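K.L.:
In the working numbering, the protein residues as written are 60 to 488. Here you go, one structure.
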């Protein structure tokens with residue numbers, strides 16, 4: 060029997076979803092249509108494929124259409140009028156990078172990992188750029204109310220390191236970590252210190268910069284050049300982050316390959332030259348993507364690593380996400396905001412519907428946001444605020460983490476069994 064033989068080779072679970080546990084075709088989750096999630100391209104050998112989907116919005120939740128979503132080296136798509144994108148026939152390949160770009164907006168980068176024939180939700184938030192200014196080879200100053208940047212002359216080169224003599228368009232955006240703009244920061248605030256230790260960041264100020272020729276070719280600062288940057292600090296800072304003129308704060312650049320913030324150089328606190336009565340941080344940037352003026356926080360029980368970081372003990376949070384039928388939701392996007400320090404942590408629910416968030420400051424208040432994409436619709440839940448009352452933990456053992464109550468998403472995910480022609484198999488054993 061063909062059906063029985065195929066079922067014996069591979070059991071496929073199609074997710075048929077809808078509010079109130081309705082069933083039917085779902086183009087986002089493999090419930091129908093002509094797309095194949097299991098591809099026979101070798102005369103009998105089967106390649107298991109998954110899907111990556113999500114929404115791109117502003118931090119206020121407004122959808123952004125026309126965003127290029129690039130699963131780096133694998134597939135790409137554009138967001139529609141609702142900010143939705145769907146990447147189909149994605150072969151599981153460990154942790155993969157997803158880049159979100161659109162002219163006139165900041166860039167975001169997330170990671171995603173597929174285990175098999177499943178759909179993973181990965182959302183992103185982008186900010187409109189503050190200013191796009193043309194700068195010639197003679198250099199110049201770019202200034203808004205929140206930032207100032209001085210570009211030296213003859214500082215531009217292309218990706219091959221060749222000098223660029225034409226005008227360059229520089230797009231700059233100041234990101235205020237004390238507002239919801241922090242959710243537009245690339246990925247989350249996980250980082251590597253100068254010594255290579257893992258850490259979380261407590262942000263004071265951020266800047267996103269991109270440089271291109273009028274034709275769209277990416278431009279970089281030449282080796283040995285740097286741009287002077289002044290960033291306005293928030294009007295109010297958490298008590299642990301209070302600063303005064305003359306204080307030194309580490310600076311971090313975002314590495315789009317490692318998808319981490321990397322510690323590099325320092326900023327000095329000064330009286331702002333753009334807003335009277337406010338403080339700012341100044342530093343020299345030798346290249347551009349996104350830069351963060353941040354303190355770091357890791358477990359102070361590690362003296363060597365904690366020497367350059369805030370004296371904050373960290374723990375981890377674990378929990379799970381269910382639908383209205385108490386079924387585990389796989390691939391939900393988790394974003395947690397640490398309300399005591401300006402920073403975020405992200406994760407994705409695993410095959411058991413569970414997630415882990417690290418590093419979280421012990422005793423801090425954490426809001427957890429859960430996003431799931433089903434049937435081309437976004438289901439979003441914000442739960443909390445949870446208090447991370449636990450002991451020090453390095454995020455490697457879930458048993459040491461603080462467990463929070465299950466978060467329920469108001470949708471339903473129903474599993475069905477199909478053969479390789481997508482025909483449902485009734486009453487499978």
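For every residue, glycine included, the Cβ atom is placed at its ideal position computed from N, Cα and C. The structure displayed is predicted, hence computed values, not measured ones.
(1) What is the DSSP secondary structure of residue 395, counted as helix, strand or coil?
(2) Which residues does DSSP list as the beta-bridge partners of residue 234?
(3) What separation, rounded to the nearest whole angstrom, lies between the Cα atoms of residue 182 and residue 282?
(4) Considering just the uninterrupted stretch of the alpha helix (DSSP H) at residue 362, what are its terminal residues?
(5) Could you check whether residue 290 and residue 206 sit closer than 8 Å to each other, using their CB atoms as the reference points?
(6) Strictly by DSSP, which residues pair up with residue 227?
(7) Look at the Cβ atom of residue 267, then the Cβ atom of residue 116, and state whether they are nearer than 8 Å.
(8) Whose C-beta lies closer than 6 Å to the C-beta of residue 232 among residues of the same chain, with five residues either side of it excluded?
(9) Taking the straight line between their C-alpha atoms, what separation do you get for residue 354 and residue 169?
(10) With a threshold of 16 other CB atoms inside 10 Å of the CB of residue 180, please say whether the residue is buried or exposed.
(11) So, at 8 Å on beta carbons, what are the nonlocal neighbours of residue 135 in its own chain, with the 5 sequence-adjacent residues on each side left out?
(12) Provide the residue(s) that pair with residue 331 in DSSP beta bridges, ordered along the chain.
(13) Tell me which residues share the same chain as residue 407 and place their Cβ nearer than 8 Å to its Cβ, disregarding the 5 neighbours each side in the sequence.
(14) Please name the residue, chosen from 260, 425, 456 and 436, that lies closest to residue 463 on a Cα-to-Cα basis.
(15) Can you list, in chain order, the residues of its chain whose CB lies under 6 Å from that of residue 132, leaving out five sequence neighbours each side?
(16) Are three or more beta carbon pairs between the stretch 347 to 362 and the stretch 257 to 277 nearer than 8 Å?
(17) Near residue 295, what residues of its chain come up, given a Cβ to Cβ distance below 8 Å and the 5 sequence neighbours on each side ignored?
(18) Once DSSP output is grouped into helix, strand and coil, what is the label at residue 242?
(19) In whole angstroms, what is the alpha-carbon distance linking residue 118 and residue 192?
P.N.:
On the basis of the supplied data:
(1) As a first step, residue 395 must be located in the chain shown, where it is residue number 336. The answer is strand: DSSP assigns residue 395 an E or B state.
(2) Numbered from 1 along the chain shown, position 175 holds the residue referred to as residue 234. Under the DSSP definition of a beta bridge, residue 234 partners with 265.
(3) Residue 182 sits at position 123 when you count from the first residue of the chain shown. Residue 282 sits at position 223 when you count from the first residue of the chain shown. Spanning the two alpha carbons is a distance of roughly 35 Å.
(4) Your numbering for residue 362 matches position 303 in the chain shown. Per DSSP, the continuous alpha helix (DSSP H) segment holding residue 362 begins and ends at 362 to 365.
(5) Here residue 206 is taken as the residue at index 147 of the chain shown, counted from 1. Here residue 290 is taken as the residue at index 231 of the chain shown, counted from 1. Closer than 8 Å, so yes.
(6) Locating residue 227 in the chain shown gives position 168, counting from the first residue. In the DSSP output, where bridge partners are listed per residue, residue 227 has 194.
(7) The count along the chain shown starts at 1 and reaches residue 267 at position 208. The count along the chain shown starts at 1 and reaches residue 116 at position 57. The answer is no: Cβ separation not under 8 Å.
(8) Locating residue 232 in the chain shown gives position 173, counting from the first residue. The answer, listed in chain order, is 165, 186, 188, 189 and 267.
(9) Start at 1 with the first residue of the chain shown, and residue 354 comes out as number 295. Start at 1 with the first residue of the chain shown, and residue 169 comes out as number 110. When rounded, the distance between both Cα atoms is 22 Å.
(10) Mapped onto the chain shown, residue 180 falls at position 121. Classification of residue 180: buried, given that the 10 Å Cβ count is 16 or more.
(11) Position 76 of the chain shown, counted from the first residue, corresponds to residue 135. Result list for residue 135: 127, 128, 129 and 146, in chain order.
(12) On the chain shown, residue 331 is found 272 positions in, with the first residue counted as 1. DSSP, once it has assigned bridges, lists no residue as partnering residue 331.
(13) Locating residue 407 in the chain shown gives position 348, counting from the first residue. Excluding sequence neighbours, residue 407 sits near 171, 172, 179, 180, 181, 390, 391, 392, 393 and 414.
(14) Here residue 463 refers to the residue found at position 404 of the chain shown. Measuring from the Cα of residue 463, the nearest candidate turns out to be 425.
(15) Walking along the chain shown from the start, residue 132 turns up at place 73. Counting only Cβ-Cβ distances below 6 Å, and skipping sequence neighbours, we find nothing.
(16) Touching, yes, given that three or more Cβ pairs across the two stretches are closer than 8 Å.
(17) As a first step, residue 295 is located in the chain shown; it is residue number 236 there, counting from the start. Within the same chain, residue 295 has close Cβ partners 237.
(18) Translated into the one-based positions of the chain shown, residue 242 becomes position 183. Here residue 242 sits in helix by DSSP.
(19) Walking along the chain shown from the start, residue 118 turns up at place 59. Walking along the chain shown from the start, residue 192 turns up at place 133. The C-alpha of residue 192 is placed about 24 Å away from the C-alpha of residue 118.
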